[in-house]
Amino acid sequence: MTHLLDVKNLTTRFYTPEGVVHAVNGISYTLEQGEALGIVGESGCGKSVSVLSIMKLIPDPPGRITDGEVLYWEQDLLKLTNTQMQNVRGKDIAMIFQDPMTSFNPVLTIGHQISESLTIHLGMNDKKARKRAIELLDMVGIPQPAQRYASYPHQFSGGMRQRAMIAMALACEPSILIADEPTTALDVTIQAQIVDLVKNLRDKLGMAVIWITHDLGVVAGMVEKLVVMYAGFIVERGHIDDIYADPRHPYTLSLLNSIPRIDRSSDEKLATIPGLPPDLLGLPPGCPFAPRCAYAVERCHRENPQLASVGVNHEIACWVDVTAQSSGSFAPPTSHQKQGGTRARQQRTAPTAQLHQDTQEGCDD
Amino acid sequence: MTDNQVLVHVENLKKYFPITSGLLIRRQVGAVKAVDGLTFDIYAGETFGLVGESGCGKTTAGRTILQLYQPTAGQVTFGGVDLSTLKGKELRRTRRRMQIIFQDPYASLNPRMTVGRIIGEPLRIHKIALKDEQTERVEELLHLVRLNPYFANRYPHEFSGGQRQRIGIARALASNPEFIVCDEPISALDVSIQAQVVNLLEDLQEQLGLTYLFIAHDLSMVRHICSRVAVMYLGKIVELSEKVELYNNALHPYTQALLSAVPVPDPPVERKRQRIILEGDVPSPIDPPPGCRFCTRCPYVMDICNREEPQLQDVGGSHFVACHLMK
């Protein structure tokens, strides 16, 4: 089956004086036309590096994509030359970044920067490009777009800059929009505006979206498919509803339990994940989450589990079945035929909730 | 938790930052009205939340309450003493009792000092402990924030964000304060580390009977940790209430929009939620709109809102709202 985007075993390393940083460790996922995929994880989990690798924007040296394929309509982007890749960037796959201030050139007007990609990729003349750029600014909800065309980035507020960046990304109607934490630097009310805008534009233009975030709330109403990353690995993958209703990887489970909800009052303590994310310079031999995992068994420290199916379109990389844990028995996730996701995840919080971090937690010498 | 004993009383607090022009003769040409008339009480033993978007003046409010900024007008009474009347030694003595935890754990620790010296600094400044007692007290404080006591000899760069924030908390606790301003203590931290620090703050409050002013923009976390919450917009409080009342029955249009903008980590719920999407951005605090400051973005704006500024009024059950719709 042909996919719009098929990422296979993507591996990216950084060769630094301190050693080799294992930033992305063989991740695979697919994206269909018009689909929205969320990639969640904490800082340093490799989510940004993974999409920068897709765009071939990893600075080399020190970075290098050491393995894998990125198939865009069956064409491997990693095999393209830089010039060929320039035709893909912005035209087929566009990207928006976390900090819109540093992603714009401060000495060029917003309008100039948007029309630039129109003249380069679509061969428009200046007049046409200007007209189209104003249309785009209007489409992303910038008031008085004709006047704003001549503004410089510093004259825009954070939210407006992000809108302008979206306009720039959508200039050539790409089939994939990659959004790398586009709302992290923004206030909640502005974040709501941007999320709403991207949702509407996606419906209107039928493009696929990859939305990278550390905020489990933002993706909830945004995407259908979800990938959870930890230490450069995908630890859980599936339909977002299944993952939120029935998280099966201990990391996803603890992460969801550690965030308070605006629509619920609770006097209970938040569940915590003890310790710190591992150093990507020297990953432990087994599962990267094992040192912090409340469910870890001896095998977890020896062997790193592969993604295995636990339901329809729901996979986890874990030796332990968190659903079986409550009854005290261990079973590999593949042998477990749990379906339906009826059990609320609140019932499964016991082992993580008991784990209070102690003085040892800071002793990661 | 709350026995309704007022620890901090803030009355019509204002802080304007002057804007000057001219090279030799500097004249004031305007002012950034960062905090423009706040009035509220913080009860002993509670966690009082101050929320709002960036630029609304919440950090300035926290710092002005501690007299880190000289207030332009208004009063702060701490434990019955008007802080603006205190000077020099007396003010310093009172400062022992109120401390602050900063937002950025990377910028708030001196990189050239060891952790032991950082935490011991308040002890030296306030002459709380003798030299040999200091080491002991530092170890005790490190233990209290669940860090290893050996860490006293290390430097801040050797620690992660969460650990640095614990060092900042230990420093704040060194002088045995009653009141701590937590200025966005978790917003620079990763999701899995935030819960660790929040739980630590809650445990310390229970253990030491602390009172917190918790400044944040993360409304979900504020709901979790605070007992009462004030919502700020452009230097003013627009709504103040008990937590449960505020989150279930927000009356000010800004609070309603703010709450609806926070995403819920639950896909079926999130897809169905109706959002109030505010248009535009927060106006400049240099030249705030006359009348109600929210009138430029308010979906229910009326004539009177452009003319007259609404006062904070009690709508029952110690729920205060500043909005003309309430009349």
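Protein sequences, first through last, are from chains A and B. Quick note: the first sequence uses my numbering, first residue 1, plus one each step. Quick note: the second sequence uses my numbering, first residue 1001, plus one each step. C-beta: ideal position from N, C-alpha, C; glycine also. Since the model is a prediction, treat every value here as computed from it, not as a measurement.
Quiz item: Using a Cβ-Cβ distance under 8 Å, would A:K127 count as near chain B?
Solution: Taking Cβ atoms only, chain B never reaches closer than 8 Å to A:K127, which makes this a no.
Quiz prompt | Cβ of B:P1105 within 8 Å of any chain A Cβ | solution = No, its Cβ sits nowhere closer than 8 Å to a Cβ of chain A.
Quiz item: For A:S372, does the three-state DSSP call read helix, strand or coil?
Solution: Here chain A comprises residues numbered 1 to 365, so residue 372 of chain A is not present and cannot be evaluated.
Exercise. Round the Cβ separation of A:V227 and A:G34 to the nearest angstrom and send it over; I've been treating them as touching at under 8 Å.
Key: About 18 Å separates the beta carbon of A:V227 from that of A:G34, a gap too long to meet the 8 Å contact definition.
Practice problem: Report the rounded CA-to-CA distance for A:C318 versus A:L307, giving the unit in angstroms. | Solution: Rounded to the nearest whole angstrom, the CA to CA distance from A:C318 to A:L307 is 7 Å.
Practice problem: Rounded to whole angstroms, what's the CA-CA distance from B:Y1155 to B:G1291? Just pull it up for me. | Solution: One C-alpha to the other measures close to 51 Å.
Quiz item: Between B:L1013 and the ligand ADP, is the CB less than 7 Å from at least one heavy atom?
Solution: Questions concerning the ligand ADP fall outside what the structure shown contains, since it holds no ligand whatsoever.
Quiz prompt | Where B:K1243 falls: helix, strand or coil (DSSP) | solution = The three-state secondary structure of B:K1243, taken from DSSP, is helix.
Quiz item: Looking at the structure shown, is A:A371 part of a helix, part of a strand, or coil, going by DSSP?
Solution: One cannot answer for residue 371 of chain A here, as it falls past the ends of chain A, which runs 1 to 365.
Practice problem: Please confirm if B:E1270 has its CB atom under 8 Å from at least one CB of chain A. | Solution: Taking Cβ atoms only, chain A reaches closer than 8 Å to B:E1270, which makes this a yes.
Quiz item: Quick one: complete alpha helix (DSSP H) runs, 4+ long, within the region 53-98 of chain A?
Solution: Within the region 53-98 of chain A, the complete alpha helix (DSSP H) segments at least 4 residues long are 82-88, listed from N- to C-terminus.
Quiz prompt | Residues in the region 1182-1204 of chain B having any Cβ partner in chain D nearer than 8 Å | solution = You won't find chain D in this structure, because its protein chains are A and B.
Quiz item: Skipping 5 residues on each side, what residues in its chain have a beta carbon closer than 6 Å to that of B:F1320?
Solution: Excluding residues up to 5 positions away in sequence, L1240, L1312 and D1314 lie with their Cβ nearer than 6 Å to the Cβ of B:F1320 in the same chain.
Exercise. Pair every Cβ in the region 1222-1242 of chain B with every Cβ in the region 1031-1049 of chain B, then say whether three or more of these pairs are closer than 8 Å.
Key: Touching, yes, given that three or more Cβ pairs across the two stretches are closer than 8 Å.
Quiz item: Roughly how many whole angstroms lie between the Cα atoms of A:D321 and A:P305?
Solution: Spanning the alpha carbons of A:D321 and A:P305 requires a straight line of approximately 12 Å.
Quiz item: Which same chain residues, not among the five before or five after B:R1063, have their C-beta less than 6 Å away from its C-beta?
Solution: Excluding sequence neighbours, B:R1063 sits near Y1069.
Quiz prompt | CB contact below 8 Å: A:H154 versus chain B | solution = Answer no: the Cβ-Cβ gap between A:H154 and chain B never drops below 8 Å.
Quiz prompt | Strand pairing of A:W319, partner residues [DSSP] | solution = None, per the DSSP bridge assignment.
Quiz prompt | chain B within 8 Å of A:A331, Cβ atoms only | solution = Per-residue confidence for A:A331 stands at a pLDDT of 39, beneath the threshold of 50, marking its modelled position as unreliable; the derived number appears in the next sentence. Contacts with chain B at 8 Å (Cβ-Cβ) do not include A:A331.
Exercise. For B:R981, go through chain A and note every residue whose CB falls closer than 8 Å to its CB, in chain order.
Key: As displayed, chain B neither begins before 1001 nor continues past 1327, which places residue 981 of chain B out of reach and without an answer.
Exercise. Please report how far the alpha carbon of B:G1080 lies from the alpha carbon of B:L1007, in whole angstroms.
Key: Their backbone Cα atoms lie some 8 Å apart in a straight line.
Self-check item: Anticipated Cβ contact below 8 Å, A:A208 with A:L4, distance rounded
Solution: With a Cβ gap of about 6 Å, A:A208 and A:L4 count as contacting.
Exercise. Check whether the Cβ atoms of B:D1183 and B:Q1103 sit closer than 8 Å, and answer yes or no.
Key: Closer than 8 Å, so yes.
Quiz item: Among the residues of its own chain, which have a CB less than 7 Å from the CB of B:K1015, if the five just before and after it don't count?
Solution: Contacts found: A1034, V1035, T1060, T1064, Y1069, P1071 and T1072.
Quiz prompt | B:N1249, buried or exposed, once every other Cβ within 10 Å from all chains shown has been counted against 16 | solution = Per the 10 Å Cβ criterion, exposed.
Quiz item: How many angstroms separate the CA atom of A:V51 from the CA atom of A:V70?
Solution: The alpha-carbon atoms of A:V51 and A:V70 are separated by roughly 10 Å.
Quiz item: What is the DSSP secondary structure of B:F1078, counted as helix, strand or coil?
Solution: Correct three-state label for B:F1078: strand.
Quiz item: Quick one: complete beta strand (DSSP E) runs, 3+ long, within the region 1229-1307 of chain B?
Solution: List check, beta strand (DSSP E) in window: 1236-1242.
Self-check item: Range of the contiguous beta strand (DSSP E) that encloses B:D1041
Solution: B:D1041 -> beta strand (DSSP E) spans R1027 to Y1043.
Practice problem: Have a look at B:R1164 and A:E236 and give me their C-alpha separation to the nearest angstrom. | Solution: Approximately 30 Å, taken between the alpha carbons.
Practice problem: Report back the beta-carbon spacing between A:V49 and A:V88 to the nearest angstrom; my notes put them in contact at under 8 Å. | Solution: With a Cβ gap of about 19 Å, A:V49 and A:V88 do not count as contacting.
Exercise. Please say whether A:V223 and A:A94 have beta carbons closer to each other than 8 Å?
Key: Not in contact: A:A94 and A:V223 (Cβ atoms no closer than 8 Å).
Practice problem: Would you kindly check if the distance between the Cβ of A:I316 and the Cβ of A:H214 is under 8 Å? | Solution: Inclusion of A:H214 and A:I316 in the CB contact set at 8 Å is not warranted, their separation being larger than that value.
Practice problem: Go ahead and label A:S265 buried or exposed: buried means 16 or more other beta carbons lie within 10 angstroms of its beta carbon, across all protein chains shown. | Solution: So A:S265 counts as exposed.
Quiz item: Assuming A:A185 and A:Q98 make a contact with CB atoms under 8 Å, what is their CB distance in whole Å?
Solution: For a cut-off of 8 Å, the C-beta gap from A:A185 to A:Q98 is around 6 Å, short enough to register as a contact.
Quiz item: With a CB to CB cut of under 7 Å and the five nearest residues on each side skipped, what residues in its chain are close to B:Q1256?
Solution: A1250 and I1276, listed in sequence order.
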